[in-house]
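*Asks:*
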Amino acid sequence: MNAEKALVRLKEGSRRYISLSFNPGNISREIRTETAEHGQHPYAVIVACSDSREIPEDIFTCGIGEIFTIRVAGNVIADNQLGSIEYAVEHLGIELVVVLGHTGCGAVGASLKGETGGHVGSITRDIIQAIGNEKKALEASILNTVYQAHKVKEAFPDVTTVPALYDIHSGEIIWLE
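Using the numbering used here, you'd call the opening residue of the sequence shown number 1339 and step up by one each time.
1) Could you tell me the distance, in whole angstroms, from the CA atom of Gly1403 to the CA atom of Gly1456?
2) According to DSSP, is Leu1377 part of a helix, a strand, or is it coil?
3) List the DSSP bridge partners of Ala1382.
4) Per DSSP, Gly1412 is paired with what?
5) Excluding the 5 residues flanking Ala1468 on each side, which residues of the same chain have their C-beta closer than 6 angstroms to its C-beta?
6) Roughly how many angstroms separate the alpha carbons of Ala1478 and Glu1342, rounded to a whole number?
7) Check each candidate in Arg1463, Cys1400, Asp1389 and name the one with the smallest Cα separation from Pro1362.
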């Protein structure tokens, strides 16, 4: 599926999510058997935060085998995430990467407070670089998401990369294209 069709499908799934109280994505025994025997054929990569309130498969109403999901606190793009994207692009033929930030992100909040200690410091230092002197959480989340998407665009210029922000209150997605 090309990037344009994949993005339309994700946007339609997001609209369904707002109006539903469940995910109608296919998680049946049949789809598990199909993907086990014939491999996965996802149509998009979603790089999302690890936050338990941001579940890409539900947000886009997807089932097994539809999206290739990479989750990391703060939706930070580093070598491991780029390696996963490279696999998805080169081996699975995916043409669309969505970098999905969200409101109320704890990693962005920690970055706004200047917390750089421990292992989480590798995440917050990257976010601090992305947000500069921004002090407002929403704007910082947007800046970080756009910054992380730019890293993907630089690494994979032939792949369509779209930054987006998930609102944890409304369930809506703000497309930052």
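Ideal placement from N, C-alpha and C gives every residue a C-beta, glycine not left out.
*Replies:* Quick look at the numbers:
1) As a first step, residue 1403 must be located in the sequence shown, where it is residue number 65. As a first step, residue 1456 must be located in the sequence shown, where it is residue number 118. Near 35 angstroms, if we compare the C-alpha coordinates of Gly1456 and Gly1403.
2) Numbered from 1 along the sequence shown, position 39 holds the residue referred to as residue 1377. Per the sequence shown, the amino acid found at residue 1377 is Gly instead of Leu. Collapsing the DSSP output to three states places Gly1377 in coil.
3) Your numbering for residue 1382 matches position 44 in the sequence shown. Among the bridge pairs identified by DSSP, Ala1382 is matched with Ile1405.
4) Numbered from 1 along the sequence shown, position 74 holds the residue referred to as residue 1412. Residue pairing by DSSP places Gly1412 in no beta bridge whatsoever.
5) As a position in the sequence shown, residue 1468 is number 130, starting the count at 1. Within the same chain, Cβ atoms closer than 6 angstroms to the Cβ of Ala1468 are found at Leu1481, Asn1482, Tyr1485, the five residues on either side in sequence being excluded.
6) In the sequence shown, residue 1478 corresponds to position 140, counting from 1. In the sequence shown, residue 1342 corresponds to position 4, counting from 1. Going by the C-alpha atoms only, they are around 28 angstroms apart.
7) Position 24 of the sequence shown, counting from 1, holds the residue named residue 1362. The candidate whose alpha carbon is nearest that of Pro1362 is Cys1400.
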